[in-house]
Amino acid sequence: MTEFDSSRRIFVSYIDKSREYYLALGYDNPYRWAHYVDAPFTPLKKPLKESTLVLITTAAPYQPDKGDQGPGAAYNAAAKFYSVYSGDTAVDHDTRISHIGYDRKHTTAKDSNTWFPLPLMREFAGQGRFKLAKRFHGAPTNRSQRVSLETDAPEILARCRQDQVDAALLVPT
Amino acid sequence: MSLVARYLERNGIPTVTMGAAKDIVEWAGVPRFLFSDFPLGNSAGKPHEPDTQRFTLDLALKVLESAVGPRTTVQSPLRWTDDGDWKQDYNNLARMPPEEVAKRRAEFDKVKQVARDQRQKAGVA
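So the protein sequences, as listed, match chains A and B. Heads up: the first sequence begins at 0 in numbering that gives the first Met the number 0, then just goes up one per residue. Heads up: the second sequence begins at 0 in numbering that gives the first Met the number 0, then just goes up one per residue.
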């Protein structure tokens, strides 16, 4: 490898790689990723240390009856969830990512802190960086943008408002 | 998930997204994005390296506090490995033997069927 090997230097284009991959496997109806030209923006209304911060995750709660969920499990569509769930941030939770197409060659999914930083957020909140919302929320990943926009996102917003959330940290996998 | 970030932001809740799929998140367009150039599954830092996890969360908070406008991407300076060869492996059929490709085709058919059944059961199909 030379220092000019751009294929290793730049980031992976998952949209292109996935389309090529599924075409090669014989599927010519590639997923259409959501696309917008602009993005909304809302400044913080008060300093972060006075703000209530919520964690939003795509990880799933471990469901013992839904097959192998890792670490290292094969892609497990049965472990997906289809409605927003919430959990108490004061206690620990067993969350898994076997229902998501993460990098199974280079990641073993043994350390949930790499996709679900709740324990660390509790530590930061304890140090006064922000106030931790009393609940975190799980966002379904069911490949339907309509359901995400019309059902899941409004539900998450409603729960955030119930908890008087000021800002959100989203951690997709 | 980017859709949720956009929705919250539009409704008055500032967001920061931590992720490893730069093209997917930027194609959707989010208000604030901390990009870690790591294999998918490690949006919040490296496994069993609490220092990198702490660094990543701290940086995300700084992005939340300091971004001056939408579509702000900050790239974490952390690297997964020095040579970056892992980037060549993702869904790369050219790096797989033919029997692995055949296995994946069969698995993919099965997974699609399970997902279809689940969606129907959940009433979102």
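Where a beta carbon is used, it is the ideal one built from N, C-alpha and C, also for glycine.
Query raised in the report: Straight-line CA distance for Asp27(A) to Tyr21(A)?
Result: Residue 27(A) sits at position 28 when you count from the first residue of the first sequence. Residue 21(A) sits at position 22 when you count from the first residue of the first sequence. Each residue's Cα considered, the two are about 7 Å apart.
Query raised in the report: Ordered along the chain, which non-local residues of its own chain (more than five positions away) have a Cβ less than 6 Å from that of Arg95(A)?
Result: The residue given as residue 95(A) occupies position 96 in the first sequence. Ala59, Tyr61, Gln68, Gly69.
Query raised in the report: Do Gly137(A) and Tyr84(A) have their C-beta atoms within less than 8 Å of each other?
Result: Residue mapping note: residue 137(A) aligns to position 138 of the first sequence, counting from 1. Residue mapping note: residue 84(A) aligns to position 85 of the first sequence, counting from 1. Contact: yes.
**Report entry** Beta-carbon contacts of Asn176(A) that lie in its chain and below 7 Å, excluding the five residues immediately before and after
**Finding:** Outside the shown range of chain A (0 to 172) lies residue 176(A), about which nothing can therefore be said.
Query raised in the report: Is any beta-carbon of chain B found at less than 8 Å from that of Met0(A)?
Result: Counting from one through the first sequence, the residue named residue 0(A) turns up at place 1. Here Met0(A) scores only 48 on pLDDT, less than 50, and its place in the model should not be relied on; the value that follows carries that caveat. Yes, because at least one Cβ of chain B sits closer than 8 Å to the Cβ of Met0(A).
**Report entry** Chain-order list of residues whose beta-carbon lies under 8 Å from that of Gln117(B) (same chain, five-residue window excluded)
**Finding:** Walking along the second sequence from the start, residue 117(B) turns up at place 118. Here the set comprises nothing.
Report task. Starting from the N-terminal side, write out each stretch of the beta strand (DSSP E) that is 3 residues or longer and does not extend beyond the stretch 47-115 of chain B. Result -> 71-74
Requested in this report: Put Pro63(A) into one of helix, strand or coil per three-state DSSP.
Outcome: Translated into the one-based positions of the first sequence, residue 63(A) becomes position 64. Here Pro63(A) sits in helix by DSSP.
Query raised in the report: Nearest chain B C-beta to Ser97(A) closer than 8 Å, yes or no?
Result: Taking the first residue of the first sequence as 1, we reach residue 97(A) at position 98. Cβ-Cβ to chain B under 8 Å: no for Ser97(A).
Query - Sequence-distant residues of the same chain with beta carbon closer than 6 Å to Leu47(A), five excluded per side - result: The sequence position of residue 47(A) within the first sequence is 48, counting from 1. These residues qualify, in order along the chain: Phe129.
Query raised in the report: If we call anything under 8 Å between Cβ atoms a contact, is Pro39(A) one with Arg9(B)?
Result: As a first step, residue 39(A) must be located in the first sequence, where it is residue number 40. As a first step, residue 9(B) must be located in the second sequence, where it is residue number 10. Result yes, Cβ atoms of Pro39(A) and Arg9(B) sit closer than 8 Å.
Query raised in the report: Does Leu22(A) get closer than 8 Å to chain B when you measure Cβ to Cβ?
Result: Numbered from its first residue, the first sequence carries residue 22(A) at position 23. No, its Cβ sits nowhere closer than 8 Å to a Cβ of chain B.
Report task. Answer with yes or no whether the minimum CB distance from Phe54(B) to chain A is below 8 Å. Result -> Residue numbering aside, residue 54(B) sits at position 55 when the second sequence is read from its first letter. Judged by the 8 Å Cβ criterion, Phe54(B) is not in contact with chain A.
Report task. Name, please, each residue of chain A whose Cβ falls closer than 7 Å to the Cβ of Glu64(B). Result -> Taking the second sequence and counting its residues from 1, one reaches residue 64(B) at position 65. Per Cβ cutoff of 7 Å: Leu43, Leu47.
Query - Buried/exposed call for Ala20(B), threshold 16 Cβ in 10 Å - result: In the second sequence, residue 20(B) corresponds to position 21, counting from 1. With 16 or more other Cβ atoms within 10 Å, it is buried.
Query raised in the report: For the beta strand (DSSP E) that contains Ala157(A), what are its first and last residues?
Result: By one-based count along the first sequence, residue 157(A) stands at place 158. Taken as a continuous stretch (DSSP letters only), Ala157(A) belongs to no beta strand (DSSP E), being part of the alpha helix (DSSP H) at 152-161.
Requested in this report: Find out if the Cβ-Cβ distance for the pair Gly33(A), Gln161(A) is shorter than 8 Å.
Outcome: Here residue 33(A) refers to the residue found at position 34 when the first sequence is read from its first residue. Here residue 161(A) refers to the residue found at position 162 when the first sequence is read from its first residue. Per the sequence shown, residue 33(A) should be read as Ala rather than Gly. Not closer than 8 Å, so no.
Query raised in the report: Which chain B residues are close to Thr106(A), counting only those with a beta carbon under 8 Å from its beta carbon?
Result: Locating residue 106(A) in the first sequence gives position 107, counting from the first residue. Simply Pro38, Leu39, Gly40, Asn41, Pro46.
Query raised in the report: Who are the neighbours of Arg128(A) on chain B, taking C-beta pairs under 7 Å?
Result: Locating residue 128(A) in the first sequence gives position 129, where the first residue counts as 1. Chain B residues near Arg128(A): Leu60.
Report task. Would you mind stating whether Leu169(A) and Thr51(B) have Cβ atoms separated by less than 8 Å? Result -> Here residue 169(A) refers to the residue found at position 170 when the first sequence is read from its first residue. Here residue 51(B) refers to the residue found at position 52 when the second sequence is read from its first residue. No, Cβ-Cβ distance for Leu169(A) and Thr51(B) is not below 8 Å.
Requested in this report: Leaving aside the five residues before and after Arg78(B) along the sequence, list all residues of the same chain whose C-beta is less than 8 Å from its C-beta, in chain order.
Outcome: In the second sequence, the residue the question calls residue 78(B) occupies position 79. The answer, listed in chain order, is Asp36.
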